[in-house]
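Report on one structure; see the data block that follows.
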Amino acid sequence: TNKSTQKSQIMKANKKIKNLFLLQILVLGINICSAQLFKTTLKASLLNPPEKDIGDVKRVAILDFENVSNEEYKTAGVDIGSKMADYLSAALLKEYRGKTGDSYMNGGRTDIYAIVEREELEKILNEQELGLGDISDSKAVEIGKKLGVDAIITGNVSYSSKDERSENSYRNDEGKLIRTYSLTRTCSAEARMKILSVETGEVLGQTNGRSSSHDSTKSNTKPRYDAVMSPDKIAEYACENIGYRLANYIAPYYNLHTFVFENVKHKKLKHRVKDAKKYVKLKEIDKAHQMYDAIYQVDPYNPQLVYNIGVLNEVAGNYKKAKELYSTAVNMDSENKAYVSGLKRAEENIELTEILAYMGITIEPHRLLEASDIEKILTERIKIKGPRSKRKIAYENPSEGSGELGKFPGGMELDLVKKTDDGKWVMATLPNGKKGYFREKDVITGK
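If you count by the working numbering, then the sequence shown holds residues 49 to 495, one letter each, in order.
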């Protein structure tokens, strides 16, 4: 009995230790997430290089993709092969493909190729009485020469569909059994693309893409087969997605990147740090850079500050300056993964600009404003409370019994000079250059 009791106590103690350990892990995880959660972020669309460099190609022709699906899908509805070629053409002709957010740099087009009109292509095919199944690589190159293009794109596409039905039941507020039936049709498509050099006949690149799309319906009766879109129509959406991905293989594209700013610690200038964060949130990167730059000139050995200025330069497309700043941050704190990642990104972006320049695409960096008048920028400000129609009094001394220097409208911002020791009054520089006192409760400080 004693052994049994002792064993039970040990098991309880072990369980308590285990629970405590799990709780510590949970708290640590929450703290890490919270630290990331409260950091300032900025989203920006950045230009990426194509996955494949196909050389000095300017003018291309795109043959209809051959439909190699099962027979039931070959004969159904639209010609998915011609649709695939259309989607690829549309994606390549898009001027800023993938640009979904703010971009602070200039230039950076994605429509770098001239594409032959379908009518010109069909004319050549009709003259030679060629079907898609008859076109070998050598024939495709021959067609490309007649069209006067640098490269010709060929490919094939296939798709299939799958229907899934489900049934659910529940009782409503009146206790009545309600049944619902659903039908979901999913189409999966795959396309394979090949780029041929018309001059040499060699394969410049080849890739494939996959995508799925679906349509569904729900009702109180079993849905009919035609209650959802036909397989070929759903497959068109999948092919549109594939066309976008295939375009990214040979042409630059934008994607949305979230930049995370470090929390800068500075006791004396904490209000200016808050202002810089506010400007980042408002996407006013020039003002944010001015504020961070002013603080940096006072405190050049703050790695969080250096990193944040590097982020702003990266967002603006000043990759060489960003590399310089990230490198400085890494030298100050080589263990910080964000600093190391920033440096790596900057180096990759410098390489990217060289690749794009070779393709005839120039990225023009946005020139950020620098802090020319540090004292003025870092001077703490006050903002008079209330609407413009309501005015607050500025006094000669920190007393309502002293003379009045004027009444100023709500919303006006003035430079803060000092605060009284009791914290009830603040001195500010008035528009005429004089110094006046406002009641602390009439103004907002640190804005």
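We put the CB at the ideal spot given by N, CA and C, even for glycine.
Excluding five sequence positions before and after ASP470, none of the CB atoms of its chain fall closer than 8 Å to its own CB. Within the same chain, Cβ atoms closer than 7 Å to the Cβ of ILE102 are found at ALA199, ILE243, LEU252, GLY253, ILE298, the five residues on either side in sequence being excluded. The Cβ-Cβ distance between TYR302 and SER93 falls below 8 Å. In this structure, DSSP gives GLU120 a helical state, which the three-state scheme calls helix.
Secondary-structure assignment with DSSP links ASP463 through a beta bridge to ARG429, THR477. Within the region 246-316, the runs of alpha helix (DSSP H) that reach at least 4 residues and sit entirely inside it are, in chain order, 279-298.
Remark: fewer than three beta-carbon pairs, one from each stretch, lie closer than 8 Å, so the region 324-340 and the region 188-198 are not flagged as touching.
Check the Cα spacing between PRO271 and each of SER261, ASP263, LEU231, ARG320: the tightest is with LEU231.
With a cut-off of 8 Å on Cβ pairs, the region 283-293 is in contact with the region 125-145, counting three or more such pairs. Proximity to ASN96 across LYS466, THR468, ALA442, ILE409 peaks at ILE409, based on C-alpha coordinates. Distance from the CA of SER267 to the CA of TYR229, rounded to the nearest whole angstrom, comes to 5 Å. Under the three-pair Cβ rule at 8 Å, the region 434-445 counts as touching the region 476-493.
Here ASP323 is buried: its Cβ has 16 or more other Cβ atoms, across all protein chains shown, within 10 Å. As computed with DSSP, ASP211 is found in a beta bridge with ARG233.
Taken through DSSP and simplified to helix, strand or coil, LEU141 comes out as coil. Using a Cβ distance threshold of 8 Å, TYR367 and THR401 count as a contacting pair.
Look at the beta carbons and you see the region 376-395 touching the region 354-367: at least three pairs across the two are nearer than 8 Å.
For GLU383, there is no enclosing alpha helix (DSSP H), as DSSP marks it with neither H nor E. In the DSSP assignment, GLU165 falls outside any beta strand (DSSP E), carrying neither H nor E. Judged by their CB atoms, LEU416 and ASN361 are nearer to each other than the 8 Å cut-off. Per DSSP, reduced to three states, the secondary structure at LYS242 is strand. About 4 Å separates the Cβ atoms of SER209 and PRO279, confirming a contact at the 8 Å cut-off.
Non-local C-beta neighbours of LEU141 in its own chain, meaning closer than 6 Å and more than five positions away in sequence, comprise ASP159, ordered along the chain.
Taking every protein chain shown into account, the CB of LYS489 has fewer than 16 other CB atoms within 10 angstroms, so this residue is exposed.
If you check the CB distance, VAL354 and ALA377 come in under 8 Å.
In this structure, ALA286 lies near ALA237, with their beta-carbon atoms less than 8 Å apart. In the structure shown, GLY129 falls within a helical segment according to DSSP collapsed to helix, strand and coil. At a Cβ-Cβ threshold of 8 Å, ILE128 and ALA275 do not count as neighbours. Around the beta-carbon of LEU225, fewer than 16 other beta-carbon atoms lie within 10 Å, marking it exposed. The continuous stretches of alpha helix (DSSP H) do not include LYS440, which lies in the beta strand (DSSP E) extending over residues 439-443. For GLU362, the enclosing alpha helix (DSSP H) stretches over residues 351-364.
A residue is called buried when at least 16 other Cβ atoms come within 10 angstroms of its Cβ; ARG258 does not meet this threshold and is exposed.
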